[in-house]
Amino acid sequence: MTAPARRKRGAAAALTLGALLASSLTTLATAPAASAAESLLSQGKPTTASSQEGEAFSAAAAVDGNLTGTRWASQWSDAQWFRVDLGASKNLSRVVLTWEGAYGKNYEIQVSDNGTDWRTAKTVTGSDGGTDDLAISGSGRYVRMNGLARSGGYGYSLWEFQVYGADGGTNPPPGGAVKVTGSQGNWELTVGGQPYTVKGLTWGPAIADAPKYMPDLKSMGVNTIRTWGTDGGTKPLLDSAAAQGLKVVNGFWLQPGGGPGSGGCVNYVTDTTYKSTMLTEFAKWVDTYKSHPATLMWNVGNESVLGLQNCYSGTELEAQRNAYTTFVNDVAKKIHSIDPDHPVTSTDAWTGAWPYYKRNAPDLDLYSMNAYGDICGVRQDWIDGGYNKPYIITETGNAGEWEVPDDVNGIPDEPTDVQKAEGYTKAWDCITGHRGVALGATMFHYGLEHDFGGVWFNLLPDGLKRLSYYAVKKAYAGSTSGDNTPPVITNMTVTPATAAPAGREFTVRADIRDPDGDPITPKIYLSGNYANGDKRLVDAQYRSLGNNTFAVTAPEKLGVWKVYIQAEDGRGNAGIETKSVKVVAPPVTGTNIALNRPATASSAQASYGDCPCPASNAFDGNTGTRWASDWSDPQWIQVDLGSAKPIRTLQLVWDPAYAKSYEVQVSDNGTTWRTVHTTTSGNGDIDTIEAATTARYVKLQLTARGTGWGYSLHEFGVYS
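Reading the sequence shown from the start, the letters are residues 1 to 720 in our numbering.
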């Protein structure tokens, strides 16, 4: 499913993700009690350690439940470790270390399935002792504190080492009722009575390809996928998910979904027909899939509270938002009457929507939020709003184009692959850090599209796995040990970035390395999303200059383009980096003798779009203005040079409304014309025409349009 456009949550969450990211190390006065979603797994379990200071300080003392009376203490050197055997693989949520005065300043929390091969779940640097409460994820049987640096001259000493989580493997049993249980600030989601943290991704591939990709999702530690629509074609997706032990958040689409500008407008105050139709439709599919083992919950609407601002304003907008959330509550009640065994939620992209749900939708079991660069602000917004329901994050990941600063060419500066991977890691840390309230996430996006949006957000565009893919896998599965990972691209540059002549070469270079030493195949792509609205990635014309430096031919179309370096390792992975380049008209030697000269045309648009667009705009030296004709054939535009002058070159800078067929005519008197150039294959790009002649008047006789609009020129240069 094509993902809708994203929008930020609003002024209440203006802080950046980096500023709001909770520290991986929280110091508490005493060891916290386990939340209702967790069990203490380590107490009384077998332990071993690298050493002990004496018989009174054995490893077993750190799991005996005595927080201040007994302790494990190591010998007085840095390389020491403590390990507990949980008896079987468990889903892990956090580790709490209650240090004695001799504490670890730098250490790792490691997890293993066999006690031999270890993966690092958390790295701590600069601990100040006391109690370290560390959120982790993934599963394993053995959990270890691996000491790297002591705080002083003694060894490492732990009053207690507590591991929390849930029994069982990564995925819960496929059947059983799904419930939101617990009390204020101490909720959990359960499936068949077992705790369930949503470790999910939004679903992108075709449903027909679900059997191909579901095993990969499971290998990532994913237990849930999210959809935006549920209908008669959903069953194969549910079947494929269930076959791998995965659950599905079944979405229902409501207009205007996807934030501002998406999905059309509905009047939720008066349009009873639309609401009745949707309620009936949703009820049908709830009844159809309520007993399917893959169904986790129902999600009504996507970003519509925010999106209604595209349809209404003022008091009417307020009325519509209240009416919409009231309707969502009607849907929730209807779903509960059909299916009491699965929760109902509703997603928006702005925590400012939550007061409406709080007021008008009491039958929702939990809230949902799409949040990207500002994900870490959701927790504080929930606290400040005094809400009494938990939530899941239904979309998150790296920062979107609406959240990043503009680059030198005035377009959103896309994060690097490294920054994107860090964004997913930080997002998961913020979600798991809100224990007992945030019940998990379906991060964005398990998609395959290899286009502008796909490269920005997809974990595997064109089926190629990126650093973000492995960041999600590490968050959910706890480790990427043994995986072959993508090439890493850094220090990408484009020269000249702000003035690449159309049709001529500019230079692109980057540092590219592969962590596994695999041979790298670089490719160059271009996207005209900002220049002409085409979101596709097209193959660039380029040649290698060596040392990961390339001479790339600029497009003929003016505007800001995105340039992509894609480095593939032949192992199914890719690094992708992008920068912008501004394509400008190629310089023409000589003097533009038509600049600011009197101009006339057969017609000119007076008030359409950015118009008025008089003929003089084509001769003002500004590619930001244009002449635009009526939408009919033929048309003409001409300039008076003042006297007969030698003409060597003409340059036409077309708007998207271009001429397919035209003639260049010149005259000495403005009455008698002679043709110096003819074409029937104009493509709308820049036309540079050699025309050795002398004349006072120069005219374009335009005979066939290239589009359904009229003719439009940004510039008409005449050079001597």
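The beta-carbon is built from N, C-alpha and C at its ideal position, and this holds for glycine as well.
Taking all protein chains shown into account, ALA606 has fewer than 16 neighbouring C-beta atoms within 10 Å of its C-beta and is therefore exposed. Beta-carbon to beta-carbon, TYR107 and GLY165 are separated by about 20 Å, too far to satisfy the 8 Å threshold. Under the three-pair Cβ rule at 8 Å, the region 147 to 164 counts as touching the region 64 to 81. Runs of alpha helix (DSSP H) with 4 or more residues, each lying fully within the region 318 to 397, are found at 354 to 360, 377 to 385, listed in chain order. A distance below 8 Å between beta-carbons, with the five flanking residues on each side excluded, links HIS677 to the following residues of its chain, in chain order: LEU650, GLU663, VAL664, ILE689, ALA691.
Of the residues assessed, ILE637 falls on the buried side of the cut-off, its CB having 16 or more other CB atoms within 10 angstroms. Residue pairing from DSSP places TRP99 in a beta bridge opposite LEU158. The beta carbons of TRP203 and GLY229 sit no closer together than 8 Å. A straight-line Cα-Cα distance of about 38 Å links ASP216 and TYR356. SER479 and GLU449 have their C-alpha atoms some 26 Å from each other. A distance below 8 Å separates the beta carbons of THR295 and ASN250. A straight-line Cα-Cα distance of about 17 Å links ILE335 and TYR324. Contact between the region 357 to 367 and the region 380 to 392 is present, with at least three C-beta pairs closer than 8 Å. By the neighbour-count criterion, in which 16 or more other beta carbons inside 10 Å mark a residue as buried, THR485 falls on the buried side. Ranking ILE431, LEU364, THR396 by CA distance to the CA of GLN380 puts ILE431 first. When the beta-carbon positions are compared, GLY129 and TYR156 stay at least 8 Å from each other. Residue pairing by DSSP places GLY575 opposite ALA567 in a beta bridge. If you draw a 10 Å sphere on the C-beta of ARG71, you find 16 or more other C-beta atoms in it, and that means buried.
Under DSSP, the beta-bridge partners assigned to PRO646 are THR694. Counting along the chain, the unbroken alpha helix (DSSP H) around PHE457 starts and ends at 452 to 457. Listed in chain order, the non-local C-beta contacts of LEU460 below 6 Å within the same chain comprise TYR469, local neighbours out to five positions each way being set aside. Inter-residue distance for GLU715 and GLY575 is about 39 Å (C-alpha atoms, whole angstroms). In the three-state scheme derived from DSSP, where H, G and I count as helix and E and B as strand, TRP631 is classed as coil. Counting the other Cβ atoms within 10 Å of the Cβ of TRP402 gives fewer than 16, which makes it exposed. Within the same chain, Cβ atoms closer than 6 Å to the Cβ of PHE327 are found at TYR268, LYS275, the five residues on either side in sequence being excluded. Leaving aside the five residues that flank ASN398 on each side, the residues in its chain whose CB is nearer than 6 Å to its CB run, in chain order, PRO415, LYS420, GLY423.
The beta carbon of ALA242 is closer than 8 Å to those of PRO174, HIS292, PRO293, ALA294 in its chain, skipping five residues each way along the sequence. Residue state for LEU467 is assigned as helix, using DSSP reduced to three classes. As for any alpha helix (DSSP H) of minimum length 4 sitting wholly inside the region 488 to 555, the runs are 529 to 532, ordered along the chain. Here MET220 carries a coil assignment [DSSP, helix/strand/coil]. TRP253 sits in coil when the DSSP states are folded into three classes, being neither helix nor strand. ALA554 and GLY624 do not touch by the CB rule: their CB atoms are close to 19 Å apart, not below 8 Å. The C-beta separation of ILE565 from MET492 comes to about 6 Å, placing the pair in contact by the 8 Å criterion. Cα atoms of SER368 and ARG536: separation of roughly 31 Å, rounded to the nearest angstrom. In terms of CA proximity to VAL266, ALA319 leads the group ALA319, ILE136, PRO343. For TYR525, the CB contacts under 7 Å within the same chain, skipping 5 residues up- and downstream, are LEU537, VAL538, ASP539, ALA540, TYR564, GLN566 in chain order.
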